[in-house]
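Student:
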Amino acid sequence: KQSVSILGSGLVGSLLAGILSKKGYKVNVFEKREDSRIQSVQGGRSINLALSRRGWKALQIVGVEEKVRKISIPMKGRMMHDENGNLGFQPYGKEGEAIYSVSRSHLNEILNSTAERWGASIYFGQKCQKVDFKNNHLLIKESDGTLKHIPSDLIVGADGAFSSLRKAMQNTDQFNYSQFYLAHGYKELCIPPDAQGNFALEPHALHIWPRGQYMLIALPNLDKSFTCTLFFPFHGEKSFDTLSTPNQVEEFFAETFPDALPLMPTLKEDFFNNPTCSLVTIKCYPWSKSGNEFLIGDAAHAIVPFYGQGMNAGFEDCRVLSELMDQYHGNWPQILDKFQESRKIDADAISELALQNFIEMRDKVADKGFLLRKKIEAKLHQQFPEKWIPLYSMVTFSDLRYSEALSIGKKQEKIMDEVMKTSDLETKWESLDFSAIVKQLEI
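By our numbering, the letter at position 287 of the sequence shown is numbered 910, and the numbering carries on one by one without gaps.
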């Protein structure tokens, strides 16, 4: 058996470990954190995530789709909360289409156990100290300080945005790397169940309080609570810098998110006890240099969370890699060459889309012109379902490559920009020549 060493037993690392083990590889996974199945692991990572079609398809490979469905909650659209507490629901797609709120830790535990069931060995409390590319060795430091050399046929960096393998690759010749931090960070807060033990908000929606330069979102949990995430500037007049006392936090929420505040009894404690986390975009290339090592998931292409595609993109990496392994029968230099060539442009595309969607979510979703635009696009999709597919649907509910979705989306945006210039559009949009609009896609 060929031996594979995977750095990181997070979502992508554990899924990949299961896939490789199932295909007959001898897989060892080295994770610097402790095993969350034995003890609670604290960290700054998002508590829950949005799982969509691309992620589900990858989970099928290791046979955990049904198990994961049992711990996920479908969200059929966005529930918008304006400054007065008025609600507006915007469906994500057609009837039956939804994204799924799932606990990061529960999903990770399922994937770790599945990888082990397929034959992978996962070692916790193991930190990568050094990568020897010449001999394909890892120097691993155990939690008790013991150092050990691990030889492998293949080394995988699935250890996230601050990957040890990628850092080692950055010290090699002709390796390109960039990172970009948003001026905004995020903090996780909580809406517990109501006094009767029920959801305090509609559970089958992703709740958004858009407020221009900042926003609050809430995703449902199985225990009938909601995990809230405040996206907020680090610096400025209203920022993490300036909300420095419990009274300031309460006053800000009362003014900005008045309908959320009464649902958050532990707001002040959560605000000061939970970490403030950064939002980083990472790009690099090549993801593999010698054909004996490669980066995958956030280690190769960390993105901001505003399209809900970070995990889904990493899982799709695993699916694409699995298909290439079947196609090229274990010829790793060829597999990895095709993998990075194919996935790099898609990773760059979803990175761009995620940054764009931040602006849409915080600034536009409550705008009347934007909502009218979405109505027209929904009508186009209804009348011409094969020809006009909204960008969100292409990204979230289809198998279309991210790069193709971005390209088509830009074309549609240009067409819609012209449509939105129509006079008295608000009163006569339903009588537009939808056929003529769709025909412009062929030009």
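No residue lacks a Cβ here, since even glycine has one placed at the ideal position from N, Cα and C.
By DSSP, does F854 sit in helix, in strand, or in coil?
Tutor: Mapped onto the sequence shown, residue 854 falls at position 231. Strand, per DSSP.
Student: The alpha helix (DSSP H) spanning D1040 covers which residue range?
Tutor: The residue labelled residue 1040 in the question sits at position 417 within the sequence shown. Where D1040 is concerned, the enclosing alpha helix (DSSP H) stretches over 1025-1042.
Student: Can you tell me where the alpha helix (DSSP H) holding G636 begins and where it ends?
Tutor: Locating residue 636 in the sequence shown gives position 13, counting from the first residue. Here the alpha helix (DSSP H) through G636 covers 634-645.
Student: Under DSSP, the beta strand (DSSP E) around A784 begins and ends at which residues?
Tutor: Counting from one through the sequence shown, the residue named residue 784 turns up at place 161. Unbroken run through A784: none, as it is neither H nor E.
Student: Quick one: grab the DSSP three-state call for E654.
Tutor: Locating residue 654 in the sequence shown gives position 31, counting from the first residue. E654 falls in the strand class under three-state DSSP.
Student: If we ignore side chains and look at the alpha-carbon of each, how far apart do A681 and I745 end up?
Tutor: In the sequence shown, counting from the first residue as 1, residue 681 sits at position 58. In the sequence shown, counting from the first residue as 1, residue 745 sits at position 122. Spanning the two alpha carbons is a distance of roughly 20 Å.
Student: Give the straight-line distance between the Cα atoms of T1019 and E718, rounded to the nearest whole angstrom.
Tutor: As a working mapping, residue 1019 is identified with position 396 in the sequence shown. As a working mapping, residue 718 is identified with position 95 in the sequence shown. Spanning the two alpha carbons is a distance of roughly 14 Å.
Student: So for E878, helix, strand or coil by DSSP?
Tutor: Along the sequence shown, one-based indexing puts residue 878 at 255. Three-state result, E878: helix.
Student: To the nearest angstrom, how far is the alpha carbon of L866 from that of E654?
Tutor: Taking the sequence shown and counting its residues from 1, one reaches residue 866 at position 243. Taking the sequence shown and counting its residues from 1, one reaches residue 654 at position 31. Taking the CA atoms as reference points, L866 sits about 36 Å from E654.
Student: When the distance is taken between beta carbons, is G633 closer than 8 Å to A781?
Tutor: Taking the sequence shown and counting its residues from 1, one reaches residue 781 at position 158. Taking the sequence shown and counting its residues from 1, one reaches residue 633 at position 10. Cβ distance < 8 Å, so A781 and G633 count as in contact.
Student: Could you work out which residue in F917, N821, K624, Y1025 is closest to M792 when comparing CA atoms only?
Tutor: Residue numbering aside, residue 792 sits at position 169 when the sequence shown is read from its first letter. Answer by Cα proximity: F917.
Student: Can you tell me whether Y804 is buried or exposed, with buried defined as 16 or more other CB within 10 angstroms of its CB?
Tutor: Counting from 1 along the sequence shown, the entry for residue 804 is found at position 181. It is exposed - the Cβ of Y804 has fewer than 16 other Cβ atoms within 10 Å.
Student: Three-state secondary structure (DSSP) at V903?
Tutor: Here residue 903 corresponds to residue number 280 of the sequence shown, with the count starting at 1. V903 sits in a strand when the DSSP states are folded into three classes.
Student: Apart from the five residues on each side of it in sequence, which residues of its chain come closer than 7 Å, Cβ to Cβ, to I684?
Tutor: Here the question's residue 684 lines up with position 61 in the sequence shown. Once the five neighbours on either side are set aside, the close Cβ partners of I684 are I642, R942, S945.
Student: Identify every run of the alpha helix (DSSP H) within the segment 969-1015, keeping only runs that are complete inside it and at least 4 residues long; order them along the chain.
Tutor: 991-1006
Student: Decide if the segment 811-821 is in contact with the segment 841-850; the criterion is three or more beta carbon pairs, one per stretch, under 8 Å apart.
Tutor: yes
Student: Under three-state DSSP, which class holds E765?
Tutor: The residue you call residue 765 lines up with position 142 of the sequence shown. In the three-state reduction of the DSSP assignment, E765 falls in the strand class, which pools E and B.
Student: Under the three-state reduction of DSSP, which class applies to E811: helix, strand or coil?
Tutor: Translated into the one-based positions of the sequence shown, residue 811 becomes position 188. In this structure, E811 counts as strand in the three-state DSSP scheme.
Student: Since I believe F863 is in contact with T904 (beta carbons under 8 Å), could you give me their beta-carbon distance rounded to a whole number of angstroms?
Tutor: On the sequence shown, residue 904 is found 281 positions in, with the first residue counted as 1. On the sequence shown, residue 863 is found 240 positions in, with the first residue counted as 1. Wrong, their Cβ atoms sit about 20 Å apart, outside the cutoff.
Student: Just confirm the distance between the C-beta atoms of K861 and E873, as a whole number of angstroms; I'd bet it's less than 8 Å.
Tutor: For this step, residue 861 is matched to residue 238 along the sequence shown. For this step, residue 873 is matched to residue 250 along the sequence shown. No, K861 and E873 are not in contact; Cβ-Cβ is about 14 Å, not under 8 Å.
Student: Is it buried or exposed, F855, if we count other Cβ atoms within 10 angstroms and call 16 or more buried?
Tutor: Residue 855 sits at position 232 when you count from the first residue of the sequence shown. Classification for F855: buried.
Student: Grouping DSSP H, G and I as helix and E and B as strand, with all else coil, what is E1065?
Tutor: Against the sequence shown, residue 1065 aligns to sequence position 442. If DSSP states are grouped into helix, strand and coil, E1065 belongs with the helices.
Student: Quick one, are the C-beta atoms of S787 and L630 less than 8 Å apart?
Tutor: By 1-based counting over the sequence shown, the position of residue 787 is 164. By 1-based counting over the sequence shown, the position of residue 630 is 7. A contact, by the Cβ cut-off of 8 Å.
Student: Can K906 and H924 be called in contact, C-beta distance under 8 Å?
Tutor: For the purposes of this step, residue 906 is identified with residue 283 of the sequence shown, where counting begins at 1. For the purposes of this step, residue 924 is identified with residue 301 of the sequence shown, where counting begins at 1. Contact flag set, yes.
Student: Alpha carbon to alpha carbon, what distance is there between A640 and Q957?
Tutor: Looking up residue 957 in the sequence shown gives position 334. Looking up residue 640 in the sequence shown gives position 17. Approximately 20 Å between the Cα atoms of the pair.
Student: From what residue to what residue does the beta strand (DSSP E) around Y746 run?
Tutor: For the purposes of this step, residue 746 is taken as residue 123 along the sequence shown, with counting starting at 1. It spans 744-747 - the beta strand (DSSP E) in which Y746 sits, taken as one unbroken run.
Student: From Y853 to E878, what distance separates their C-alpha atoms?
Tutor: Here residue 853 refers to the residue found at position 230 of the sequence shown. Here residue 878 refers to the residue found at position 255 of the sequence shown. According to the sequence displayed, residue 853 carries Leu and not Tyr. Near 15 Å, if we compare the C-alpha coordinates of E878 and L853.
Student: Decide if N735 is buried, meaning its Cβ has at least 16 other Cβ atoms within 10 Å, or exposed.
Tutor: As a working mapping, residue 735 is identified with position 112 in the sequence shown. Of the other Cβ atoms in all chains shown, 16 or more fall within 10 Å of the Cβ of N735; this residue is therefore buried.
Student: Under the assumption that V627 contacts D776 (Cβ atoms under 8 Å), give the Cβ distance between them as a whole number of angstroms.
Tutor: On the sequence shown, residue 627 is found 4 positions in, with the first residue counted as 1. On the sequence shown, residue 776 is found 153 positions in, with the first residue counted as 1. Contact between V627 and D776 is confirmed by a C-beta separation of about 7 Å, below the 8 Å threshold.
Student: Determine the burial state of S801: buried for a count of at least 16 other Cβ atoms within 10 Å of its Cβ, exposed for fewer.
Tutor: For this step, residue 801 is matched to residue 178 along the sequence shown. Exposed.
Student: According to DSSP, what are the bridge partners of F606?
Tutor: Since the first and last residues shown for the chain are 624 and 1066, residue 606 lies out of range.
Student: Could you give the residue range of the beta strand (DSSP E) that holds R727?
Tutor: Working through the sequence shown from its first residue, we reach residue 727 at position 104. For R727, there is no enclosing beta strand (DSSP E); the residue is found in the alpha helix (DSSP H) stretching over 727-741.
Student: In terms of DSSP beta bridges, what is A673 paired with?
Tutor: Position 50 of the sequence shown holds residue 673. Bridge partners of A673: S724.
Student: For the candidate residues P909, Y648, L1064, K991, whose alpha-carbon lies nearest to that of A970?
Tutor: Position 347 of the sequence shown, counting from 1, holds the residue named residue 970. Nearest option by C-alpha distance: P909.
Student: Assign H772 to one of two classes, buried (16 or more other C-beta atoms within 10 Å of its C-beta) or exposed (fewer than that).
Tutor: For this step, residue 772 is matched to residue 149 along the sequence shown. Under this definition H772 is an exposed residue.
Student: By alpha-carbon positions, which one of D882, P697, I1012 ends up nearest to V725?
Tutor: Locating residue 725 in the sequence shown gives position 102, where the first residue counts as 1. Among D882, P697, I1012, the Cα nearest to that of V725 belongs to P697.
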